[in-house]
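Protein sequence lines, in the order shown, are assigned to chains R and C.
Here UniProt numbering is used: the first residue of the first sequence is 1, the next is one more, and so on.
Here UniProt numbering is used: the first residue of the second sequence is 1, the next is one more, and so on.
Where a beta carbon is used, it is the ideal one built from N, C-alpha and C, also for glycine.
Protein chains: 2
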Amino acid sequence: MAGSGSDVPARSRWSAREAELLAITLQLLQQHGYDRLTVEAVATQAKASKATVYRRWPSKADLVLAAFIEGTRLTVVPPNTGSLRGDLLALGTQVCRQACEHGSTMRAVLNEMSHNPGLKEALQNEFVHQRRLVIDQVLADAVARGEADPAKFNDEIYDLLPGYLVFRSLLSAREPTDETVRILVDEVLLPILR
Amino acid sequence: MAGSGSDVPARSRWSAREAELLAITLQLLQQHGYDRLTVEAVATQAKASKATVYRRWPSKADLVLAAFIEGTRLTVVPPNTGSLRGDLLALGTQVCRQACEHGSTMRAVLNEMSHNPGLKEALQNEFVHQRRLVIDQVLADAVARGEADPAKFNDEIYDLLPGYLVFRSLLSAREPTDETVRILVDEVLLPILR
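Okay, here's the thing in structure tokens:
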């Protein structure tokens, strides 16, 4: 994922067995929520020992963050629709879908982050950074097609689209819709970037 | 706060004694965080019985939400700087300050909301709605001064400014600065609204 034009999602850092443990974690999370998830339940369902799980992920918070990152890894690919508008709409739709699907997990991870700087750093390095690269790629492609003016990119608010949509998905009572994404793209982002 | 031009913050719904219990809750929250806060500690510090606290707020989550709303109530006033730009800068700065000051409380309340629809509704009615009225007032004042075109207001994304800043404060590793607020106002909002 180190930049230009790669279509291949970041490879998993986990073995097949580890990936299986993470998939079970994510499934139990979605069924029961963070607070009622236990490492024991994950180990039982995976026919593994608790020690096996703890050896790899020292706490429930570490396990859940790893499961969340692994579960959303395959979508870390530039959408390559052929137009800036199409790419931004696709990115926005993807953010909404993930935030909806993993909402309670994300809220729990964020709450844990308050007390756990290591978790915060991991989320930053393994989740946020990958998505930054996708946005950079979408903008670079738009510049190459003559669809956007790089002088208009303001690094400070590069994550305005995903940021607002995550706010709407996780923190507000108004879940974002396709229309929310369209308005953001057509009335906010495209006028700025062009 | 039912609309036009009122400068008076919404009156507290609590008695002096109740407000004192909430102030102590907020103070303990900021010292110890949500998870380590106990209703017992609040009661002890307030020289009240636990039953007194529980009679008013049936759970720790209810108590914390009430304390948070009460602690931020006095800032629910349109900034009245005399210009749309000044008002938006003031609103953005206020959002950043509150999200920073009450960050861990807000994260905890949001996490609780996942399991507690009543809490979600209370946050909506008592916190979000009040802030919506302030934004409506700022825009109405700007229209009255001829500074903004009401045809440009898109209700769907009325909370773009506070929403993105809350995202940056609570969910991202990049705390928003005065420069973040300025860029949002000058490069995103004012070009849309004028």
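Given a threshold of 16 other Cβ atoms within 10 Å of its Cβ, counted over all protein chains shown, does residue 25 of chain R qualify as buried or as exposed? buried
Taking just the CA atoms, how far does residue 67 of chain R sit from residue 30 of chain R? 11 Å
Hey, is residue 154 of chain C's beta-carbon within less than 8 Å of any beta-carbon in chain R? yes
Comparing the CB of residue 36 of chain C with every heavy atom of the ligand ZN, is any distance shorter than 7 Å? You won't find the ligand ZN in this model; it holds no ligand whatsoever.
Report buried or exposed for residue 87 of chain R, applying the criterion of at least 16 other Cβ atoms within 10 angstroms of its Cβ. buried
Is residue 109 of chain C near residue 65 of chain C, with beta carbons less than 8 Å apart? yes
Are the CB atoms of residue 159 of chain C and residue 172 of chain R within a distance shorter than 8 Å? yes
Can you tell me the Cβ-Cβ gap for residue 84 of chain C and residue 193 of chain C, rounded? I've got them flagged as a contact below 8 Å. 7 Å
Proximity winner among C/118, C/73 and C/146, relative to residue 130 of chain C (alpha-carbon distances): C/73
What beta strand (DSSP E) runs, 3 residues minimum, are completely inside the region 28 to 68 of chain R? none
Endpoints, the alpha helix (DSSP H) within which residue 87 of chain C is located: 84 to 101
Grouping DSSP H, G and I as helix and E and B as strand, with all else coil, what is residue 4 of chain R? Its pLDDT being 41, under 50, residue 4 of chain R is placed unreliably by the model, and the measurement read from it follows with that caveat. Looking at residue 4 of chain R - three-state DSSP - the assignment turns out to be coil, as it is neither helix nor strand.
Could you confirm whether any beta carbon from chain R is found closer than 8 Å to the beta carbon of residue 80 of chain C? no
Starting from the beta carbon of residue 116 of chain R, find every residue of chain C whose beta carbon is closer than 9 Å, and list them in chain order. Near residue 116 of chain R there are no residues of chain C at all, since even the closest Cβ is about 11 Å away, more than 9 Å.
What does residue 128 of chain R reach in chain C if we use C-beta pairs closer than 8 Å? 172 and 173
Mapping DSSP to helix, strand and coil, what is residue 158 of chain R? coil
Could you check the C-alpha separation between residue 44 of chain C and residue 124 of chain C for me, to the nearest Å? 31 Å
Thinking just about the alpha-carbon of each residue, which of R/189, R/111 and R/105 is nearest to the one in residue 153 of chain R? R/189
Please determine, among R/54, R/184, R/157 and R/179, the residue with the shortest C-alpha to C-alpha distance to residue 175 of chain C. R/157
Positions along the region 44 to 55 of chain R whose CB lies within less than 7 Å of some CB in chain C: none
Residue 167 of chain C versus chain R: which residues are under 7 Å apart at the beta carbon? 163, 164, 166 and 167
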